[in-house]
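Just so it is clear: in the sequence shown, position 123 is 182 by the numbering used here, and no numbers are missing.
Note that the Cβ used here is the ideal one computed from N, Cα and C, for glycine as well.
The block underneath contains the structure these notes are about, expressed in structure tokens.
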Amino acid sequence: PKEEIDKKVKNLLDEIKKTEKEKEKVLYAWIMEKVKTALDNPEIINGIQFFYLEINTGSKEVLRQSIDFFRSKVKEKGVFLVVLKTEGRLNLVLGITDDLVKEGLHAGNLIREVAKITGGGGGGKPYMGEAGGRNPEKLKDAVEFLKREISHAGD
60 PKEEIDKKVK NLLDEIKKTE KEKEKVLYAW IMEKVKTALD NPEIINGIQF FYLEINTGSK
120 EVLRQSIDFF RSKVKEKGVF LVVLKTEGRL NLVLGITDDL VKEGLHAGNL IREVAKITGG
180 GGGGKPYMGE AGGRNPEKLK DAVEFLKREI SHAGD
């Protein structure tokens with residue numbers, strides 16, 4: 060009967076939603092472990108801690124959460140670039156500590172320039188910027204550009 064089929068379909072859809080939520084939780088925990096590892100290993104550029112993480116699975120939301128976590132742990136002289144690289148596309152989120160914002164670094168403006176190098180666009184607030192790119196092969200050049208910009212901070 061139709062009612063039974065409808066009920067079975069609804070149950071299956073509920074099960075799929077539940078599985079998706081569990082998958083998201085596991086993925087989030089895995090990415091946060093990667094974030095913690097990245098935060099233990101900064102590259103020091105002209106006295107500024109540069110943190111970099113590249114992942115190949117996740118979501119824009121997880122990238123934003125990574126930056127929130129970074130800003131809760133690193134209180135000064137910190138810049139964190141998180142990149143999600145999937146299927147020939149890039150999603151980039153850049154976070155900057157408040158002291159560096161006061162010194163003139165602007166995450167939204169920086170990420171816009173980084174994105175241009177990767178064939179994309181973006182922007183955002185002084186402390187956090189987001190962008191997309193279409194040329195993952197240009198990522199290394201974009202990161203080098205960002206490091207050069209960081210090295211001039213406060214000049």
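- Message: Could you compute how far the alpha carbon of valine 94 sits from the alpha carbon of methionine 187?
- Response: Start at 1 with the first residue of the sequence shown, and residue 94 comes out as number 35. Start at 1 with the first residue of the sequence shown, and residue 187 comes out as number 128. Distance between the alpha carbons of valine 94 and methionine 187 is about 16 Å.
- Item | DSSP-derived helix/strand/coil call for alanine 88 | Reading the sequence shown from its first residue, position 29 is the one you call residue 88. The answer is helix: DSSP assigns alanine 88 an H, G or I state.
- glutamate 233 to threonine 177 span [Cα, whole Å]: In this structure the chain extends from 60 to 214, so residue 233 is not present and cannot be described.
- Item | Buried/exposed call for alanine 88, threshold 16 Cβ in 10 Å | Numbered from its first residue, the sequence shown carries residue 88 at position 29. With fewer than 16 Cβ atoms within 10 Å of its Cβ, alanine 88 is classed as exposed.
- Query: Which stretch, first to last residue, makes up the beta strand (DSSP E) that contains glycine 137?
  - Reply: Position 78 of the sequence shown holds residue 137. Start and end: 137–145.
- Report the rounded CA-to-CA distance for glycine 154 versus glutamate 62, giving the unit in angstroms. Residue 154 sits at position 95 when you count from the first residue of the sequence shown. Residue 62 sits at position 3 when you count from the first residue of the sequence shown. Cα-Cα distance, rounded: 52 Å.
- alanine 212 by DSSP, collapsed to three states: which one? Locating residue 212 in the sequence shown gives position 153, counting from the first residue. Annotated three-state conformation of alanine 212 is coil, per DSSP.
- Item | Nearest residue (CA-CA) to glycine 182, options Val142, Glu74, Asn194 and Leu169 | The count along the sequence shown starts at 1 and reaches residue 182 at position 123. When each option's Cα is compared against that of glycine 182, the closest is Leu169.
- Message: Buried or exposed for valine 68, going by 16 or more other Cβ atoms inside 10 Å?
- Response: As a position in the sequence shown, residue 68 is number 9, starting the count at 1. By the 10 Å Cβ count, valine 68 comes out exposed.
- Spatial neighbours of alanine 190 in its chain, beta-carbon cut-off 7 Å, leaving aside the 5 residues before and after: The sequence position of residue 190 within the sequence shown is 131, counting from 1. Counting only Cβ-Cβ distances below 7 Å, and skipping sequence neighbours, we find Leu151, Ile170, Arg171, Val173, Ala174, Gly179, Gly180 and Gly181.
- What does DSSP give as the partner residues of leucine 153 in its beta bridges? Reading the sequence shown from its first residue, position 94 is the one you call residue 153. Bridge partners of leucine 153: Leu140 and Gly188.
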